[in-house]
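For what it's worth, our numbering labels the leading residue of the sequence shown as 12, then goes sequentially. Reviewing the structure listed below.
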Amino acid sequence: MVNQILMFLAVLSLVLTIWRWLVSARFPLHQRPLVSGPLPGVTLLKPLKGCNAETKRCLQSWFAQRYPGTVQILCGVASSHDPVCRLVEDLLAEYPGVDARLVICGGNGGVNGKVSTLRELEQHISQPLVIVSDADVEAPNDLAASIAPLLSAPGAGLVNCFYQLANPATTAMRWEVIAINADFWSQVLQARSIGPIDFALGAVMAMPATMLEQVGGFAPLADFLADDYELGRNVARAGGRILFSTVVVDCREAPAGWEAVWKHQLRWARTIRVCRPLPYFMSVLGNSTVFPLLWLLVEHSLTALIFFAGASLVRMVSAAHQQKRLTRATPHFWWFAPAKDLLDVMVWAAAFWGNHVEWHGQRYRAMAEGKLVKVNS
Numbered sequence: 012m013v014n015q016i017l018m019f020l021a022v023l024s025l026v027l028t029i030w031r032w033l034v035s036a037r038f039p040l041h042q043r044p045l046v047s048g049p050l051p052g053v054t055l056l057k058p059l060k061g062c063n064a065e066t067k068r069c070l071q072s073w074f075a076q077r078y079p080g081t082v083q084i085l086c087g088v089a090s091s092h093d094p095v096c097r098l099v100e101d102l103l104a105e106y107p108g109v110d111a112r113l114v115i116c117g118g119n120g121g122v123n124g125k126v127s128t129l130r131e132l133e134q135h136i137s138q139p140l141v142i143v144s145d146a147d148v149e150a151p152n153d154l155a156a157s158i159a160p161l162l163s164a165p166g167a168g169l170v171n172c173f174y175q176l177a178n179p180a181t182t183a184m185r186w187e188v189i190a191i192n193a194d195f196w197s198q199v200l201q202a203r204s205i206g207p208i209d210f211a212l213g214a215v216m217a218m219p220a221t222m223l224e225q226v227g228g229f230a231p232l233a234d235f236l237a238d239d240y241e242l243g244r245n246v247a248r249a250g251g252r253i254l255f256s257t258v259v260v261d262c263r264e265a266p267a268g269w270e271a272v273w274k275h276q277l278r279w280a281r282t283i284r285v286c287r288p289l290p291y292f293m294s295v296l297g298n299s300t301v302f303p304l305l306w307l308l309v310e311h312s313l314t315a316l317i318f319f320a321g322a323s324l325v326r327m328v329s330a331a332h333q334q335k336r337l338t339r340a341t342p343h344f345w346w347f348a349p350a351k352d353l354l355d356v357m358v359w360a361a362a363f364w365g366n367h368v369e370w371h372g373q374r375y376r377a378m379a380e381g382k383l384v385k386v387n388s
């Protein structure tokens with residue numbers, strides 16, 4: 012009986028992996044829409060906190076956007092003493108023709124500091140389209156021009172961008188390379204193949220200013236860890252369609268060791284668990300390394316061995332292909348995919364063993380639906 016259950020789960024996990032592979036292979040990554048004539052003005056909101064060796068490069072990519080319309084850039088920071096202020100001031104001097112400003116945000120309450128900054132920046136929006144982007148995102152110079160036409164589609168409420176981890180400097184970050192560059196974006200597209208998406212991806216989110224106003228702005232997100240997820244859900248509830256740009260952006264992170272990467276993955280896992288408990292629980296079924304391995308360990312048969320070898324090959328080849336499509340470069344560390352799957356099971360299980368997460372050096376408790384409570388250390 013146990014053998015049959017494990018065989019079924021092994022076959023199911025492989026089917027789900029192939030399904031994810033096929034769905035992602037059909038998505039037209041990197042295609043650019045034809046843009047003719049001027050586009051509506053856009054306001055870029057950049058919440059910032061601290062900086063590293065990659066921050067200037069990432070910010071500069073937004074100052075260098077080629078956009079056939081008005082662009083307003085609002086960089087928000089909680090304290091004038093933050094070292095990122097000097098970096099922004101240097102960019103303001105370097106690009107005097109760009110309508111950009113640094114806004115010192117006093118805070119609007121709420122646990123989520125990023126959202127507090129966005130609430131301050133929201134008051135200064137002057138253009139009909141709004142783009143929110145994380146500090147570690149480097150964008151191609153035609154990104155805004157590629158996103159804006161999508162927002163003119165009937166019912167369009169929010170546009171996301173897929174992203175790649177562009178600078179894996181450590182072995183631990185190579186785990187995240189498979190997680191992000193091969194698996195995450197394909198899992199999102201797999202979810203979209205089942206039904207309409209009701210969440211957003213926080214690297215880049217674009218929407219009409221009228222939609223942002225319709226959903227109450229950023230204020231309802233003040234106490235949520237997954238502010239991107241909540242914003243997407245609010246847009247979907249308001250009747251807006253969640254769309255995906257075919258343009259990919261780079262996420263550039265400071266070098267991180269195993270402890271930092273583990274905390275990042277665990278925070279991500281626990282956030283998804285509290286926001287979408289059933290889909291998170293079921294997500295382990297797509298692990299096409301663990302279940303074939305368990306079947307092999309229990310049954311010790313030639314059939315199970317051949318299936319495990321075949322599933323491992325499919326997993327590595329699909330990871331390599333998905334990574335190559337996203338990054339348009341020779342795939343790296345694709346052979347690490349089965350080991351990454353084993354680590355994923357540990358993260359998946361650890362997500363059920365507590366509700367605490369660490370974010371920007373502060374510990375929080377993730378409550379029902381993703382709300383945060385700060386934990387005094």
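Virtual Cβ for every residue (Gly too), placed ideally from N, Cα, C. The structure presented is a predicted model; accordingly, all values stated were derived computationally and were not measured.
Relative to the Cα of residue 321, the nearest Cα in the group 143, 304 and 310 belongs to 304.
Straight through space, the alpha carbons of residue 326 and residue 131 are spaced by roughly 45 Å. For the stretch 306-367, the full-length alpha helix (DSSP H) segments reaching 4 residues or more read 313-338 and 348-361 along the chain. Distance from residue 157 to residue 258 at the Cβ level is roughly 5 Å; contact confirmed, criterion being Cβ atoms closer than 8 Å.
DSSP places residue 67 within a helical segment (H, G or I) once states are collapsed to three. When the beta-carbon positions are compared, residue 59 and residue 84 stay at least 8 Å from each other. Nearest to residue 105 by alpha-carbon distance, out of 79, 89 and 70, is 70. When C-beta atoms of the stretch 159-171 are compared with those of the stretch 240-260, three or more pairs fall below 8 Å, so the two segments count as touching.
For residue 209, the secondary structure class from DSSP, reduced to helix, strand or coil, is coil. Shown here, residue 291 sits in a helix according to DSSP, grouped into three states.
Per DSSP, reduced to three states, the secondary structure at residue 264 is coil, with no helix or strand assignment. Inter-residue distance for residue 108 and residue 207 is about 41 Å (C-alpha atoms, whole angstroms). Proximity to residue 161 across 13, 51 and 98 peaks at 51, based on C-alpha coordinates. Proximity to residue 219 across 53, 267, 79 and 134 peaks at 53, based on C-alpha coordinates. Around the beta carbon of residue 324, fewer than 16 other beta carbons lie within 10 angstroms, which makes this residue exposed. In this structure residue 214 is buried. Its beta-carbon is surrounded by 16 or more other beta-carbon atoms within 10 angstroms. By the criterion of a C-beta distance shorter than 8 Å, residue 222 is surrounded in its chain by 168, 169, 246, 249 and 251, once the five residues flanking it on both sides are discounted.
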